[in-house]
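A quick write-up on the structure given underneath.
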Amino acid sequence: MARPCRCRRQVQRVIASSARFRRRLPWSGPILRWVRWALAALLVTLLVMDLVFPPPLPTRRDTSTLVVAQDGSPLRAFADAEGVWRYPASVDAVSPLYLQALLGYEDRWFWRHPGINPVALLRAGKQMAGQRRIVSGGSTLTMQVARILDPHTRTPWGKLKQVLRALQLEVHLSKRDILTLYLERAPYGGTIEGVEAASWAYLGKSAAHLSHAEAALLAVLPQAPSRLRPDRHPQAAQRARDKVLARMQSLQQWPADVVADARMETVVARSLRPPLHAALLAQRLHAAQPDQARIQSSIDIDLQRTLEERLASYFSTLPERTSAALLVIDNQTLQARAYVGTLNFGDRQRLGHVDMVQAWRSPGSTLKPFLYAMALDDGLIHSESLLVDAPQSFGGYRPGNFDEAFNGPVSAATALRLSLNVPAVDLLDRVGPARFAARLSHAGIQLRFPRGSSPNLSLILGGTGARLEDLVGAFSALNRGGIAGRVRYTDEAPLQERRLVSPGAAWITREMLEANPRPGQGTDTFDVGGRPRVAWKTGTSYGYRDAWAIGSTRQYTVGVWVGRPDGTPLPGQYGAVTALPLMFEVVDSLPRGAGAGHAVPAPVSVSQADICWPGGGLASELPPALCQRRLKAWLLDGNVPPTFAERDARRWQPGRQRYQVDAVTGLRLSADCSAVHDEEEREIARWPALLSPWLPEAARKASQLPALAPDCRDDGRQSSIALHIDGLNDGATLARAPGNTQGVRLQLRALGSEHEIDWLMDGRWLARTRGAQPFNPVLEQTGAHTLTALANDGAWTQVRFTVAR
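Residue numbers (our numbering): 1069 to 1873.
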């Protein structure tokens, strides 16, 4: 604000003025010399006084830091070191109506006088002499700025000091600089200074957009800020405002009809509330640029306010200490449009000061879409590849599904949409945990592992740490041709982009996720609202500590997290129940552009074809016997990968199995037969052994080899271990003992295998035993059930029974 002293130019002007003055005077000789010496002495005195007592001009920026939304609306202000709310302001940034009211009411000659108005001072002196008290100060705006910068007592000596300081300011500063000081520092009551801070505090709007009545009100408040505060004395403030309106009409600066309309506006008492939206983002930006007076973010203020209110209402019934975070970004620019870092900023019980957009939390299953996309790029799967959702062991790691049920044969798309754990771990084992984590890190998703540990198979189920903003930036890649990026919060933030997956893999993965209907909506539901297509995924961390929902449309990506910042569990609150409904509410409230609800054409690398289970090959290349189930799949680069080979399987691998038969009897032949046979080669489709309990009887029979001819030596191709469940007969009906309220207790064993045995009832996992180790379940649910014993080598058996009511 301070400028180099302009004393030399001022002296030159005074000397030139004195020369003109001398030529006009009728005096001459000694009088002129006396006047010349007096003027010179006065100038020297002023120069010395200016050096000894320089004006207390601001030497650094001391306004509050103001973080604003994209349209300039304030999100949050940070008081200066003394706790004063003083927003940056300028002559060009405030409303012209305010400047008219201010100068018309306070200082009409501001642009012409040298800092003081002699006529006004003489009038004030006359009033003080006549009434022995100060009636009017005769102050100019420059004098008021002088009093703000260097307060003084209301005495003649204090007024003289104010006059001298005003003259100093006129020497050191331009008129615009002086007016800017007033705009930023005029007192408005309490710790509020400056017209911009006052406008937001009392009117809830920027000083750039004031009505005539509002401009008049803000112009008069500094005269008596405590007595005229609108939040405390609205009637007094209104009377003072009307005086300004009358003055503006009498000066013919504002028409009478405009003033009449302005008088009709009432001054409404409203509690002083400093702006507080996206509070944690504002704090984050302020910490990154502490010396910046004004920081403009990319936030859409209307959307931000709407979502903050929606979150507060949505979570009003959740358990105590529950918090939430929400992030909405524009896919094209990667700029954040809404940012809610906590459910209730400042709430100590909810740890409202913790920004959960940046917090490291277990991501649950939210990383699975990236895994499936990478598997597509690697040529491991197509959209309908046959995956095994059954109990499996991965080097001693035996994952289960969230609901503890297994589905048997599932496609890759179904496994992703249902968020099945076993198929995901199977895929990660083939992609490689370290490689998967490195690819995510390269694309901007930093993962955090415990000290000394490395990526392992558990990371795909949430066994790592991630941040909401990283997940949202990466999830946007599904609608950005596979290119992920770092979320931007200001226009100045650089655009950081990295390829995560190929455009084709991103398109197929998005199609798989978009095909997942909204909760409560079937796949064939006709959507009359034209709601946008959403590729969405939920996640829940171990122990119900984190609930996630992330969704991406053509224009926006939305991320929601729900949980407790201290990491304590929220039983029963998981992604699909807690976070997903809110995510869809947010998506439906976003602005919609053209084509928001329409499908995007597939890239040239993507094609569609019919494939067959169990082998996974093209239906057009397989005989009907090998195509037991036909599905339409999305292919990447024309790749048709076969069904995965089984791990540690003692049986033949899935796919096409050739064998020799006797052309007459149809019996299978081995390599060692004693008789001569008319041989014929045939093929059957073999399913993965672990899927047998879930296959229909017809599919199992179609996959069995014919019986071996009696003169042929066993080749081991049909050998299998026969399991038997001891303790429960097939078709049995069980009843509780009289007086028993705890269900039916059984004593079971799986005989015939020394391997680990997984016990499932109605497809839901119950327990794991080894060999003939006893299993003692308690059955409480009545009705018909199916109990399955499944060994990890593929041997299995089932019994069906009924628990009586």
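Quick reminder that beta carbons are idealized off the backbone N, C-alpha and C, glycines included. Bear in mind the structure is a predicted one, so any value in this text is a computation, not a measurement.
Three-way DSSP call (helix, strand, coil) for residue i in this model
i	result
Glu-1537	helix
Tyr-1256	coil
Glu-1282	helix
Thr-1591	Bear in mind that a pLDDT of 49 at Thr-1591, under 50, signals an unreliable position, so the model cannot answer this.
Thr-1208	coil
Ala-1545	helix
Pro-1510	Strictly speaking, residue 1510 in this sequence is His, with Pro absent from that position. DSSP places His-1510 in helix when its eight states are reduced to three.
Leu-1289	helix
Thr-1577	helix
Thr-1606	strand
Tyr-1557	coil
Ser-1267	helix
Arg-1429	strand
Ile-1099	helix
Gln-1725	strand
Leu-1313	helix
Phe-1869	strand
Ala-1731	coil
Residue closest to residue i, alpha-carbon to alpha-carbon, out of the options
i	options	result
Asn-1844	Gly-1851, Ala-1106, Val-1729 and Leu-1816	Leu-1816
Trp-1153	Ala-1511, Thr-1854, Val-1263 and Gly-1183	Val-1263
Thr-1809	Glu-1848, Leu-1791, Thr-1210 and Pro-1774	Glu-1848
Thr-1713	Ala-1757, Ala-1328, Gly-1811 and Tyr-1166	Checking the sequence shown, residue 1713 turns out to be Ala, not Thr. The candidate whose alpha carbon is nearest that of Ala-1713 is Ala-1757.
Pro-1477	Ser-1688, Trp-1225, Ala-1276 and Pro-1682	Pro-1682
Ala-1647	Pro-1669, Asp-1678, Glu-1560 and Pro-1587	Pro-1587
Leu-1289	Leu-1251, Leu-1488, Pro-1774 and Pro-1387	Leu-1251
Leu-1419	Gly-1635, Asp-1139 and Glu-1747	Gly-1635
Ala-1667	Pro-1600, His-1745 and Gly-1627	Pro-1600
Ala-1583	Leu-1638, Leu-1759, Arg-1519 and Leu-1484	Leu-1484
Trp-1762	Leu-1828, Cys-1780, His-1745 and Leu-1581	Leu-1828
Ala-1656	Val-1626, Pro-1669 and Gln-1317	Sequence inspection shows Asp at residue 1656; the Ala mentioned does not correspond to that position. For Asp-1656, the nearest C-alpha among the options comes from Val-1626.
Gln-1866	Gln-1357, Asn-1797, Leu-1529 and Gly-1811	Asn-1797
Chain-order list of residues whose beta-carbon lies under 6 Å from that of residue i (same chain, five-residue window excluded)
i	result
Leu-1340	Ala-1269 and Asp-1299
Tyr-1465	Leu-1525
Pro-1182	Glu-1238
Arg-1297	Gly-1257
Ala-1330	His-1280, Ala-1281 and Leu-1313
Gly-1831	Ala-1473 and Phe-1474
Met-1211	Gln-1230 and Ala-1234
Val-1490	Asp-1457, Gln-1460 and Pro-1467
Gly-1661	Gln-1623
Thr-1870	Thr-1801 and Ala-1852
Leu-1134	Pro-1142, Ala-1145, Tyr-1155 and Arg-1362
Glu-1565	Ile-1551 and Gly-1553
Contacts around residue i, its chain only, beta-carbon distance under 8 Å, and the 5 residues preceding and following it disregarded
i	result
Ser-1675	Trp-1702, Leu-1703 and Gly-1706
Thr-1733	Ala-1777
Arg-1726	Glu-1749, Arg-1750 and Glu-1751
Ser-1821	Ile-1789, Leu-1791, Gly-1839, Ala-1859, Asp-1861 and Ala-1863
Leu-1515	Ala-1505, Leu-1508, Ser-1509, Pro-1523, Leu-1527, Thr-1532, Gly-1533 and Ala-1534
Ala-1687	Ala-1677, Asp-1678, Ile-1679, Cys-1680, Cys-1695 and Arg-1698
Same chain, Cβ closer than 7 Å to residue i, five either side skipped, listed in chain order
i	result
Gly-1549	Pro-1571 and Ala-1574
Arg-1088	Its pLDDT being 49, under 50, Arg-1088 is placed unreliably in this model, and the coordinates cannot settle the point.
Thr-1434	Leu-1539, Lys-1605, Gly-1607, Trp-1616 and Ile-1618
Arg-1498	Leu-1448
His-1277	Ser-1163
Ala-1872	Thr-1801, Leu-1802, Ala-1803 and Thr-1850
Pro-1293	Pro-1255, Tyr-1256 and Gly-1257
Ala-1743	Asp-1779
Short CB-CB distance (under 8 Å) between residue i and chain D
i	result
Ile-1679	Protein chain content of the structure displayed is limited to a single chain, and chain D is not contained in it.
(request) List in chain order: all unbroken alpha helix (DSSP H) runs of 4+ residues lying wholly within the segment 1103–1173. (result) none
(request) Starting from the N-terminal side, write out each stretch of the beta strand (DSSP E) that is 3 residues or longer and does not extend beyond the segment 1664–1698. (result) 1674–1681
(message) Does the segment 1567–1587 come into contact with the segment 1412–1427, if we say contact requires no fewer than three beta-carbon pairs (one atom in each stretch) closer than 8 Å?
(response) no
(message) Three Cβ pairs or more, each shorter than 8 Å: is that satisfied between the segment 1676–1692 and the segment 1465–1474?
(response) No, the segment 1676–1692 does not touch the segment 1465–1474.
(message) Under 8 Å: do the segment 1554–1565 and the segment 1515–1525 share three or more Cβ pairs, one atom per stretch?
(response) The segment 1554–1565 makes no contact with the segment 1515–1525, as fewer than three CB pairs between them are under 8 Å.
(request) Could you say if the segment 1135–1152 and the segment 1281–1299 meet the contact criterion of at least three C-beta pairs nearer than 8 Å? (result) no
(request) Identify every run of the alpha helix (DSSP H) within the segment 1461–1527, keeping only runs that are complete inside it and at least 4 residues long; order them along the chain. (result) 1480–1485, 1489–1499 and 1501–1510
(request) Count the C-beta pairs between the segment 1374–1382 and the segment 1348–1357 that are closer than 8 Å, then say yes if the count reaches three, no if not. (result) no
(message) Just to confirm the assignment: which complete beta strand (DSSP E) runs, minimum length 3, are found wholly within the segment 1772–1853?
(response) 1792–1794, 1800–1802, 1817–1819, 1824–1829 and 1832–1838
(message) Count Cβ pairs between the segment 1379–1393 and the segment 1308–1325 that sit closer than 8 Å; are there 3 or more?
(response) no
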